[in-house]
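Student: Protein chains in written order, with this note's numbering: chain A, 1 to 272; chain B, 1001 to 1358.
(1) Taking the alpha-carbon positions, what's the residue 130 of chain A to residue 1099 of chain B distance?
(2) Once DSSP output is grouped into helix, strand and coil, what is the label at residue 110 of chain A?
(3) Start and end of the beta strand (DSSP E) containing residue 38 of chain A?
(4) Starting from the C-beta of residue 1096 of chain B, find all residues in its chain whose C-beta is less than 7 Å away, skip the five residues before and the five after it, and write them out in chain order.
(5) Taking CB distances under 9 Å as the criterion, tell me whether residue 1336 of chain B reaches chain A.
(6) Applying a beta-carbon distance threshold of less than 7 Å, which residues of chain B neighbour residue 119 of chain A?
(7) Does the CB of residue 126 of chain A have a neighbour CB from chain B at under 9 Å?
(8) Any Cβ of chain B within less than 9 Å of the Cβ of residue 106 of chain A?
(9) Less than 8 Å between the CB atoms is what I'm expecting for residue 177 of chain A and residue 115 of chain A, so what's the real figure, rounded?
(10) Which runs of the beta strand (DSSP E) at least 3 residues long sit entirely within the segment 43-128 of chain A? Give them in chain order.
(11) Counting only beta-carbon separations shorter than 9 Å, does residue 1233 of chain B have a partner in chain A?
(12) Drop a sphere of 10 angstroms on the beta-carbon of residue 1178 of chain B, count the other beta-carbons inside from all chains shown, and report buried for 16 or more, exposed for fewer.
(13) Return no unless some Cβ of chain B is closer than 9 Å to the Cβ of residue 61 of chain A.
(14) If you compare alpha carbons, which of A:72, A:67, A:49 is closest to residue 35 of chain A?
(15) Taking only beta-carbon positions, decide if residue 1222 of chain B is within less than 9 Å of chain A.
(16) Could you spell out the range, first to last residue, of the beta strand (DSSP E) harbouring residue 1169 of chain B?
(17) To which residues of the same chain is residue 1116 of chain B closer than 7 Å at the C-beta, ignoring the five residues directly before and after it?
(18) Pair every Cβ in the segment 1042-1056 of chain B with every Cβ in the segment 1219-1232 of chain B, then say whether three or more of these pairs are closer than 8 Å.
(19) Within the segment 1204-1278 of chain B, note down every full alpha helix (DSSP H) run reaching 4 residues or more, in order along the chain.
(20) For residue 29 of chain A, which residues in the same chain have their Cβ closer than 8 Å to its Cβ, ignoring the five residues on either side in sequence?
(21) Counting contacts by CB-CB distance shorter than 9 Å, is residue 1001 of chain B in contact with chain A?
(22) Which whole runs of the beta strand (DSSP E) in the segment 1088-1122 of chain B are 3 residues long or more, in chain order?
(23) If you follow the beta strand (DSSP E) that residue 1314 of chain B is part of, which residue opens it and which one closes it?
(24) Report the partner residues of residue 154 of chain A according to the DSSP bridge assignment.
(25) Output needed in chain order: residues of the segment 1020-1036 of chain B with a Cβ under 9 Å from some Cβ in chain A.
(26) So, do the segment 1281-1288 of chain B and the segment 1332-1340 of chain B have three or more beta carbon pairs nearer to each other than 8 Å?
(27) Am I right that residue 221 of chain A and residue 38 of chain A are in contact with their C-beta atoms under 8 Å? What's the rounded C-beta distance?
(28) Count the CB pairs spanning the segment 1105-1116 of chain B and the segment 1126-1135 of chain B that are closer than 8 Å, and state whether there are at least three.
(29) What residues are listed by DSSP as bridge partners for residue 15 of chain A?
(30) Taking 9 Å as the cut-off, decide whether the C-beta atoms of residue 41 of chain A and residue 247 of chain A are in contact.
(31) Report buried or exposed for residue 1319 of chain B, applying the criterion of at least 16 other Cβ atoms within 10 angstroms of its Cβ.
(32) Per DSSP, what kind of secondary structure is residue 1 of chain A in: helix, strand or coil?
(33) In chain A, which residues lie with their C-beta within 7 Å of the C-beta of residue 1203 of chain B?
(34) Could you check if residue 1204 of chain B is buried or exposed, using at least 16 other CB atoms within 10 Å of its CB as the buried criterion?
(35) Helix, strand or coil: how does DSSP classify residue 234 of chain A here?
(36) Under 9 Å, do residue 1103 of chain B and residue 1119 of chain B count as touching if we go by C-beta distance?
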């Protein structure tokens, strides 16, 4: 077992740091339905953390708790050593937590460039009057952020569709633009909700490469939900397994793979 | 062959980001500005000013204002007439209370007052959306008209209940009142329209514009990437109402000269401006101009052709105008929801490849 306080170095030489976010005894109820039951786990600086589980296990709800979209009924979320009070989703975004959605949530009426620029809204500060007359501040700020966004565009290889309205793009590219928008915010934690869903093999390989590159180059901590086990086992440093709202496994991929509870949850088990 | 982006290399993000990236468009824009400022003021007469240019300029301001709210921020409003009335009564009270202050300042202040009222009626937008918000703003429309009718303080206790614009001049030239020349009316409105259009363009291309469009396209996703829905919607209402208030102030003080609130700023006005925005193109500054031009010119055109040319009775021509506008709205909503601006964009895209489309 690894030392849980110090962090460690992975086989491919990446450094995993201390605890960045900790979820303590999270319970989430919708009326009489309990979506998440008393789950605790932590997310470490620089790691790729996967959340897996069968359909309806509460993975997306968990992600929504992390992103502040749902406020947990019980339990607390600790970020960078402080307990996070009840916050609005846009305040969580300002803390440096960005996410993508299972079913793409891009702004269809805007171009790819504008969509990615929206990712930097939390970092842009110029006021109403400066913008109204496009004097120094606003114009300079726009260019500075444009430069950062162009780097991400290069990084994700979407230069040629920069000015295309998002509504016209095919599915795989939309997913990539959504990732770009999330990256543009320069997040500490990036939440990916099924980034490979509905993709073919090549698109999945591209996406895996991007996720690894993001983690490697920007040092972004990544939390992902994914159904493709091959992807999860290859990419992630540690895996949380959920079933019926409960945590049934937590650890490195190889450990989770051999966990009997996990195998039962996925393959089903005969009840006598 | 002349409408090309080839050879026009952009070497900085500023150049890439400009409003008219194609040189021919830029030239066209400057030419239009030159004609508007240099030629029309010299040749304009009272008929052209009152029938075409002044209403076009004022409605264009109002349409830009409404387009920011409906087209960019996605918040439907039927209260435009009411907000224009706020601008008109604000400028009237200001002009009568402070006769020495230039009327230009009054018009801007009237816009500011309308912005405050707009924010007040925009607050419900945080909770209600779509049709329900439209009904809430409809309530604003009827309430404001009722208010200006009911409280004599607003029309300075005049016996007729009307407000009448006093004579005011700037730099020795009358801009309001009966002695105003056609050129002065035109120039006053044109300068304000230029300012409004510039500000609107700058706001919509920057951070605030992106926030508005994000809220319009998908409000939940917008909130998750860090857009505060309250302040974003409220700024949209404020900026939109500011422009609409300016339009209302000009409509009363420069164009009409005297106004009765129910007649000049009734529900019909709200619909007229909404139609301008729909026909012109939601979410487009150019569309606001196109829609305003279209709906101002159509009646003039029909009147000249049907009544002047074919000798039909006036009332028949007026009814045909209503039918045409109604039909056009339906056609546009079904066939081209992005209006004239989209037709213009498509035409330009085709022109860029013409005559070799492959």
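Each residue gets a CB set at the ideal place from its N, CA and C atoms; glycine is no exception.
Tutor: With the given structure in hand:
(1) Your numbering for residue 130 of chain A matches position 130 in the first chain. Your numbering for residue 1099 of chain B matches position 99 in the second chain. Those two C-alpha atoms are separated by around 31 Å.
(2) One-based indexing of the first chain puts residue 110 of chain A at position 110. DSSP places residue 110 of chain A in coil when its eight states are reduced to three.
(3) In the first chain, residue 38 of chain A corresponds to position 38, counting from 1. Per DSSP, residue 38 of chain A belongs to the beta strand (DSSP E) from 33-44.
(4) Along the second chain, one-based indexing puts residue 1096 of chain B at 96. Cβ neighbours of residue 1096 of chain B beyond the five flanking positions: 1156, 1166.
(5) Numbered from 1 along the second chain, position 336 holds the residue referred to as residue 1336 of chain B. False, the Cβ-Cβ gap to chain A never drops below 9 Å.
(6) On the first chain, position 119 is the one that residue 119 of chain A refers to. At a C-beta separation below 7 Å, residue 119 of chain A has these neighbours in chain B: 1225.
(7) One-based indexing of the first chain puts residue 126 of chain A at position 126. Yes, residue 126 of chain A lies at the interface with chain B (some Cβ there is under 9 Å from its Cβ).
(8) Within the first chain, numbered from 1, the residue matching residue 106 of chain A stands at position 106. With 9 Å as the cut-off, residue 106 of chain A counts as an interface residue toward chain B.
(9) Looking up residue 177 of chain A in the first chain gives position 177. Looking up residue 115 of chain A in the first chain gives position 115. Correct: roughly 6 Å between the Cβ atoms.
(10) Segments of the beta strand (DSSP E) lying fully in the segment 43-128 of chain A: 48-52, 74-79, 82-84, 97-99.
(11) Here residue 1233 of chain B is taken as the residue at index 233 of the second chain, counted from 1. For residue 1233 of chain B, the answer is no, since every Cβ of chain A falls outside 9 Å of its Cβ.
(12) Looking up residue 1178 of chain B in the second chain gives position 178. Exposed, because fewer than 16 other Cβ atoms sit within 10 Å of the Cβ of residue 1178 of chain B.
(13) On the first chain, residue 61 of chain A is found 61 positions in, with the first residue counted as 1. No, residue 61 of chain A lies away from the interface with chain B (no Cβ there is under 9 Å from its Cβ).
(14) Here the question's residue 35 of chain A lines up with position 35 in the first chain. Cα-wise, what sits closest to residue 35 of chain A is A:72.
(15) On the second chain, residue 1222 of chain B is found 222 positions in, with the first residue counted as 1. It does: the Cβ of residue 1222 of chain B has a partner Cβ on chain A nearer than 9 Å.
(16) Translated into positions along the second chain, residue 1169 of chain B becomes position 169. 1168-1170 is the span of the beta strand (DSSP E), which, as asked, contains residue 1169 of chain B.
(17) By 1-based counting over the second chain, the position of residue 1116 of chain B is 116. Once the five neighbours on either side are set aside, residue 1116 of chain B has no close Cβ partner at all.
(18) no
(19) 1207-1217, 1219-1224, 1229-1250, 1261-1264
(20) Numbered from 1 along the first chain, position 29 holds the residue referred to as residue 29 of chain A. Result list for residue 29 of chain A: 35, 73, in chain order.
(21) The residue you call residue 1001 of chain B lines up with position 1 of the second chain. Since pLDDT at residue 1001 of chain B reaches only 49, below the 50 mark, its modelled position is unreliable, and the value read off the structure follows with that caveat. Not one chain A Cβ lies under 9 Å of residue 1001 of chain B.
(22) Secondary structure in the segment 1088-1122 of chain B: no beta strand (DSSP E) run of 3 residues or longer lies completely within the stretch.
(23) Translated into the one-based positions of the second chain, residue 1314 of chain B becomes position 314. Unbroken run through residue 1314 of chain B is the alpha helix (DSSP H), 1314-1335; no beta strand (DSSP E).
(24) As a position in the first chain, residue 154 of chain A is number 154, starting the count at 1. Looking at the DSSP assignment, residue 154 of chain A forms no beta bridge with any residue, so it has no partner.
(25) none
(26) Contact holds: three or more Cβ-Cβ distances are below 8 Å.
(27) As a first step, residue 221 of chain A must be located in the first chain, where it is residue number 221. As a first step, residue 38 of chain A must be located in the first chain, where it is residue number 38. In fact, because the Cβ distance is near 24 Å, the residues do not count as touching under 8 Å.
(28) no
(29) Numbered from 1 along the first chain, position 15 holds the residue referred to as residue 15 of chain A. BP columns for residue 15 of chain A point to A:9.
(30) Start at 1 with the first residue of the first chain, and residue 41 of chain A comes out as number 41. Start at 1 with the first residue of the first chain, and residue 247 of chain A comes out as number 247. Against a cut-off of 9 Å, the Cβ pair of residue 247 of chain A and residue 41 of chain A comes out as a contact.
(31) What you label residue 1319 of chain B is simply residue 319 of the second chain in a count that begins at 1. That one is exposed.
(32) Here residue 1 of chain A refers to the residue found at position 1 when the first chain is read from its first residue. Reliability fails at residue 1 of chain A, whose pLDDT of 39 lies under 50, so the model's placement of it is uncertain and the value that follows must be treated cautiously. Three-state DSSP puts residue 1 of chain A in coil, outside helix and strand.
(33) Translated into positions along the second chain, residue 1203 of chain B becomes position 203. Those within 7 Å of residue 1203 of chain B in chain A are 131, 132.
(34) Here residue 1204 of chain B refers to the residue found at position 204 of the second chain. So residue 1204 of chain B ends up on the buried side.
(35) The residue given as residue 234 of chain A occupies position 234 in the first chain. Reduced to three states, the DSSP call for residue 234 of chain A is helix.
(36) Position 103 of the second chain, counted from the start, is the residue given in the question as residue 1103 of chain B. Position 119 of the second chain, counted from the start, is the residue given in the question as residue 1119 of chain B. No, the Cβ-Cβ distance between residue 1103 of chain B and residue 1119 of chain B is not below 9 Å.
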